[in-house]
Amino acid sequence: MAEKIKQIVEKMIRKHGTNNPFEIASQKGIVLLFEPLGGIYGYHHTFRRIQIIHINSELDEPMQRFVCAHELGHAVLHPELSTSFLRKNTLFCMDKVEREANEFAVELLLPDDCIYTYRNTDMTIYEVATTYGIPKEVVHLKKELKI
Numbered sequence: 120m121a122e123k124i125k126q127i128v129e130k131m132i133r134k135h136g137t138n139n140p141f142e143i144a145s146q147k148g149i150v151l152l153f154e155p156l157g158g159i160y161g162y163h164h165t166f167r168r169i170q171i172i173h174i175n176s177e178l179d180e181p182m183q184r185f186v187c188a189h190e191l192g193h194a195v196l197h198p199e200l201s202t203s204f205l206r207k208n209t210l211f212c213m214d215k216v217e218r219e220a221n222e223f224a225v226e227l228l229l230p231d232d233c234i235y236t237y238r239n240t241d242m243t244i245y246e247v248a249t250t251y252g253i254p255k256e257v258v259h260l261k262k263e264l265k266i
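Each residue of the sequence shown is one higher than the last, beginning at 120 in our numbering.
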């Protein structure tokens, strides 16, 4: 499934002309709601055929971006499922659906061309990922880890 996710993400980036999850969600007609959610980072659901991504407004922008990418992964890969809330500790939860959404987010926010930009530097993949707002806990999901 990981290679399929990579292909889906690459096609989406080409189609939308960006890897920005906020812009892609908007272009896809997905409603983004920023609201205080306490310990919940975000979640995705469909109401009357309208897809909605809820993002915790109290998170910093890089984490909001990751949460949006993760929930966009659910919207694209699992549109029929009512996904559970993404909580802080679910970044480490690796059930199939959450793992796939995390893989989607990492591939979207850190495409191969971004990694190749840093190949002749002293930066590690984790430092590059941090530059792009990806939590270090999920960087290992990136299929191409060589810089």
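Cβ coordinates follow ideal geometry from the N, Cα and C atoms, glycine included.
Everything numeric in this text was worked out from a predicted model, so none of it was measured.
Give the single residue among Ser176, Leu227, Ile159 and Ile149 whose Cα lies nearest to the Cα of Arg167.
Ile149
What three-state label does DSSP hand Leu196 in the structure shown?
helix
Is any non-hydrogen atom of the ligand SAM found closer than 6 Å to the C-beta of Asp232, if you look at the structure I gave you?
Absence of the ligand SAM is noted for the structure shown, with no ligands found whatsoever.
When you compare the CB positions of Arg184 and Gly136, do they come within less than 7 Å of one another, or not?
no
Could you tell me how far apart the beta carbons of Gly226 and Val128 are, in whole angstroms, since I believe they sit closer than 8 Å?
At residue 226 the sequence reads Glu, which differs from the Gly that was named. About 4 Å separates the two Cβ atoms, so the contact holds.
Rounded to the nearest angstrom, what separates Pro198 and Leu229 at their Cα positions?
23 Å
Any idea what DSSP makes of Glu246, helix, strand or coil?
helix
Could you check which residue in Arg218, Ile143 and Ala248 has the C-alpha nearest to that of Asp231?
Ala248
If I measure Cβ to Cβ from Ser176 and keep anything under 6 Å in the same chain, skipping five residues before and after, which residues do I get?
Phe153, Glu154 and Pro155
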